[in-house]
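Peer 1: All residue numbers for the sequence shown refer to the numbering used here, where the first residue is 2 and numbers rise by one.
Every residue, glycine too, gets a C-beta built ideally from N, C-alpha and C.
What follows is a structure written as structure tokens; I'll ask about it next.
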Amino acid sequence: MSFSATVLTLYPDMFPGPLGMSLSGDALARGVWSLAARNIRDHGLGRHRTVDDTPAGGGPGMVIRCDVLAAAIDANIPPDDPRPKLLMSPRGRPLTQSHVRDLAAGPGVVIVCGRFEGVDERVIEARGLREVSIGDYVLSGGEMAAMIVLDACVRLLPGVMGKEASGTEESFESNRLEYPHYTRPREWEGRPIPDVLLSGNHALIERWRQEESERITRERRPDLLER
Ligand code: SAH
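Put into structure tokens, the structure is as follows:
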């Protein structure tokens, strides 16, 4: 059974977008995963298919209506759908590689993309949406955030990445950032590849990589070492 993604958005034409290219695009074409982008506006109200209204209590911007979003969810997602339902949101749980691994191991994901000031709180509760953030900054909509979640999941699906190993040594896999990479030419603009990498001594290379990984993590992300 392949990984199935349904995205609820006001801009379905943004999909698959970049997900249709390279690793994720090839996997999509091969049926390793599937993607359905559904328009929330199809469930909008009246002749103008209105989806938003002014915030209760006043203030700037517009809020996506709970009845409209719930109708979009109910029309596209059966009640017994086993997939987790995520809402992209700067207030959400920060996305991590271990969260991505859990999602990729499951049947797929439903992702709701917010726009404007966000969505009426009641639909989050009533439909059990799990809020997920991709970082401490504010985007204009959830679509690119959803693409990031999907890209991170899809590359972990069996048969998507070239080498099995390339998933396990990467940044964040053991709360470490990855060691530096080099390839040909052997010397470039006076900069040689570190000797140890050309030594053929695999134990030594492994140790060097571990030390570099620790050094870089200590310098750049000491918070990871404490996890
Ligand atoms: N008023 C909101 C921001 C709304 S941004 C607030 O202050 O929290 C509009 C939409 O973009 C959000 O509903 C969400 O779906 C998406 N979005 C913005 N920043 C995001 C982030 N860091 N992670 C995930 N989604 C984000």
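(1) Straight-line CA distance for R116 to I149?
(2) Mapping DSSP to helix, strand and coil, what is G59?
(3) Tell me which residues share the same chain as R39 and place their Cβ nearer than 6 Å to its Cβ, disregarding the 5 neighbours each side in the sequence.
(4) Where D137 and V120 are concerned, what is the direct C-alpha to C-alpha distance, given to the nearest angstrom?
(5) Measuring only from the beta carbon, is M148 closer than 7 Å to any heavy atom that is part of the ligand SAH?
(6) Return helix, strand or coil for I135, following the three-state DSSP convention.
(7) Going by beta-carbon coordinates alone, are N176 and R228 separated by less than 8 Å?
(8) Could you tell me whether any non-hydrogen atom of the ligand SAH is closer than 7 Å to the CB of G18?
(9) On the premise that L87 lies in contact with V111, defined as a C-beta separation below 8 Å, what is that separation, rounded to the nearest angstrom?
(10) DSSP three-state label for G93, please.
(11) What I want to know is whether the C-beta of Y180 ends up closer than 7 Å to one or more non-hydrogen atoms of the ligand SAH.
(12) Check for me: the beta strand (DSSP E) holding G142 runs from which residue to which?
(13) Can you give, in chain order, each stretch of the beta strand (DSSP E) that sits fully within the region 3-76 and has at least 3 residues?
(14) Using a Cβ-Cβ cut-off of 7 Å (strictly less than) and excluding sequence neighbours within five positions of G160, which residues of its own chain qualify?
(15) Any heavy atom of the ligand SAH closer than 7 Å to the beta-carbon of C114?
(16) Rounded to whole angstroms, how far is the Cβ of D54 from the Cβ of R66, which I believe are closer than 8 Å?
(17) Are L157 and A204 closer than 8 Å when you measure CB to CB?
(18) Run the proximity test for R92: is its beta-carbon closer than 7 Å to any non-hydrogen atom belonging to the ligand SAH?
(19) Would you tell me roughly how many angstroms separate the C-alpha atoms of S134 and L140, rounded to the nearest one?
(20) Assign H44 to buried or exposed, taking buried as 16 or more other Cβ atoms, counted over all protein chains shown, within 10 Å of its Cβ.
(21) The ligand SAH and I41: does any heavy atom of the ligand fall closer than 7 Å to the residue's C-beta?
(22) For E174 and R210, I'd like the C-alpha separation in whole angstroms.
Peer 2: By the coordinates alone:
(1) Near 16 Å, if we compare the C-alpha coordinates of I149 and R116.
(2) Three-state result, G59: coil.
(3) L9, N77.
(4) Their Cα atoms are separated by approximately 19 Å.
(5) No, the beta carbon of M148 sits no closer than 7 Å to any heavy atom of the ligand SAH.
(6) Assigned with DSSP and collapsed to three states, I135 falls in coil, not helix or strand.
(7) Result yes, Cβ atoms of N176 and R228 sit closer than 8 Å.
(8) Every heavy atom of the ligand SAH is 7 Å or more from the Cβ of G18, so no.
(9) Yes, V111 and L87 are in contact; Cβ-Cβ is about 7 Å, under 8 Å.
(10) In the structure shown, G93 adopts extended strand secondary structure according to DSSP, grouped into three states.
(11) Every heavy atom of the ligand SAH is 7 Å or more from the Cβ of Y180, so no.
(12) No beta strand (DSSP E) holds G142; DSSP gives it neither H nor E.
(13) With a minimum length of 3 residues, the continuous beta strand (DSSP E) runs that stay inside the region 3-76 are 4-10, 34-40.
(14) For G160, same chain residues with a beta-carbon under 7 Å away, outside a window of 5 residues either side, are V33 in chain order.
(15) Checking every heavy atom of the ligand SAH against the Cβ of C114, one is found closer than 7 Å.
(16) Confirmed, Cβ separation roughly 6 Å.
(17) At a Cβ-Cβ threshold of 8 Å, L157 and A204 do not count as neighbours.
(18) A distance criterion of 7 Å places the beta-carbon of R92 in contact range of the ligand SAH, judged by its closest non-hydrogen atom.
(19) One C-alpha to the other measures close to 10 Å.
(20) A buried status is given to H44, since no fewer than 16 other beta-carbon atoms sit within 10 Å of its beta-carbon.
(21) Relative to the ligand SAH, the beta carbon of I41 is positioned no closer than 7 Å to any heavy atom.
(22) Approximately 14 Å between the Cα atoms of the pair.
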